[in-house]
Amino acid sequence: MARLAPSKYFPPAESADQSGLVAIGGRLEPDVLLDAYQHGIFPWPCRDDRWPIPWVSPDPRAVLEFDRLHISRSLRRTLRKKTFLVTCDQAFDQIIRSCAEAPGRRGATWITPAMIQAYCQLHRLGYAHSVEVWQQGQLVGGVYGVAVGGAFSAESMFHLAPNASKVALVYLVRHLQAQGYQLLDVQEMSPHLERLGARAIPRREFLCRLAEALALPVHFGPPGTLEFPWA
6 MARLAPSKYF PPAESADQSG LVAIGGRLEP DVLLDAYQHG IFPWPCRDDR
56 WPIPWVSPDP RAVLEFDRLH ISRSLRRTLR KKTFLVTCDQ AFDQIIRSCA
106 EAPGRRGATW ITPAMIQAYC QLHRLGYAHS VEVWQQGQLV GGVYGVAVGG
156 AFSAESMFHL APNASKVALV YLVRHLQAQG YQLLDVQEMS PHLERLGARA
206 IPRREFLCRL AEALALPVHF GPPGTLEFPW A
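All residue numbers for the sequence shown refer to the numbering used here, where the first residue is 6 and numbers rise by one.
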């Protein structure tokens with residue numbers, strides 16, 4: 006059974022308290038963030054960048070298995086009609102800012118200015134990626150996350166048009182599957198994710214699967230349009 010090497014910056018994820026808290030403090034710098042994701046840990050800051058950063062590893066952990074992805078009849082019709090144009094890594098900065106500023110989220114989200122700056126830097130370094138959904142030339146939905154080895158941690162998504170965030174997630178799943186990824190981490194369960202087929206697994210199982218996925222030599226692929234057949 007694969008095991009994770011010790012972290013350079015964090016105690017083991019298994020040491021988290023009942024709320025999933027592993028550590029508090031530190032910096033949102035690329036080496037720290039990548040070390041966290043490689044050990045099943047991610048930042049979940051308060052709405053104010055002046056507060057120390059909480060680093061968490063929930064138990065259980067939500068994952069979306071590629072073969073469990075549920076596409077409803079209505080969503081499948083939308084995919085067949087090609088209502089949207091879907092791309093990857095064409096507008097990362099817009100995606101993360103839209104996730105922070107979508108209706109109802111402004112001033113009430115963990116995606117703080119410091120988080121936006123940090124993940125945009127990860128994107129420039131080739132570790133953070135986005136899937137964008139366009140309608141008539143306008144960005145109407147998308148999702149972003151972090152790739153380490155064969156694991157992808159989806160961080161947040163948004164929509165300004167019906168089904169746009171679902172389309173983004175479905176295309177992300179198909180793209181990861183095509184590129185050879187093994188694990189799609191969606192962090193914490195929500196009714197929306199559960200309807201799409203996500204399930205909760207014990208943190209111990211998640212960390213073992215993460216260790217296996219980290220060894221895979223896969224790449225997210227170049228920016229551009231994503232196209233898949235939808236039967």
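Note that beta-carbon positions come from the ideal geometry of N, C-alpha and C, so glycine has one too.
Meets three-Cβ-pair contact criterion under 8 Å: the region 205 to 219 and the region 164 to 181: Contact annotation: the region 205 to 219 does not touch the region 164 to 181, with fewer than three C-beta pairs closer than 8 Å.
Between the CA atoms of L188 and P59 - distance to the nearest angstrom: 24 Å
Distance between R78 and D36 (C-alpha atoms, nearest Å): Spanning the two alpha carbons is a distance of roughly 43 Å.
Runs of alpha helix (DSSP H) wholly within the region 20 to 89 (minimum 4 residues, chain order): 35 to 42, 78 to 86
CB of A216 within 7 Å of CB of L39, strictly: Cβ distance not < 7 Å, so A216 and L39 don't count as in contact.
Residue burial classification, R66 (beta-carbon count within 10 angstroms, cutoff 16): Taking a 10 Å sphere around the C-beta of R66, we find 16 or more other C-beta atoms and assign the residue as buried.
I116 - DSSP class collapsed to helix/strand/coil: I116 falls in the coil class under three-state DSSP.
Spatial distance of G185 from A169 (CA atoms): The straight-line gap from Cα to Cα measures roughly 25 Å.
Pair within 7 Å by beta-carbon distance, V191 and A218: no
Distance, R129 Cα to A203 Cα: 29 Å
For G150 and H164, believed in contact at Cβ under 8 Å, the rounded distance: Wrong, their Cβ atoms sit about 16 Å apart, outside the cutoff.
Candidates T88, Q23, I121, D94, of which the one nearest Q140 by Cα: T88
C-beta atoms of F233 and R179 nearer than 7 Å: Yes; because the gap between Cβ atoms is below 7 Å, this pair is in contact.
The ligand SAM heavy atom lying under 6 Å from the CB of M194: Ligands are entirely absent from the displayed structure, and the ligand SAM is therefore not among its contents.
CA-to-CA distance, I100 to P17, given in whole angstroms: 31 Å
F233 in three-state terms, based on DSSP: Looking at F233 - three-state DSSP - the assignment turns out to be coil, as it is neither helix nor strand.
The beta strand (DSSP E) enclosing A218, as first and last residue numbers: Where A218 is concerned, there is no enclosing beta strand (DSSP E), although the alpha helix (DSSP H) it sits in stretches over 208 to 219.
Candidates C125, V91, Q182, I116, of which the one nearest G142 by Cα: V91
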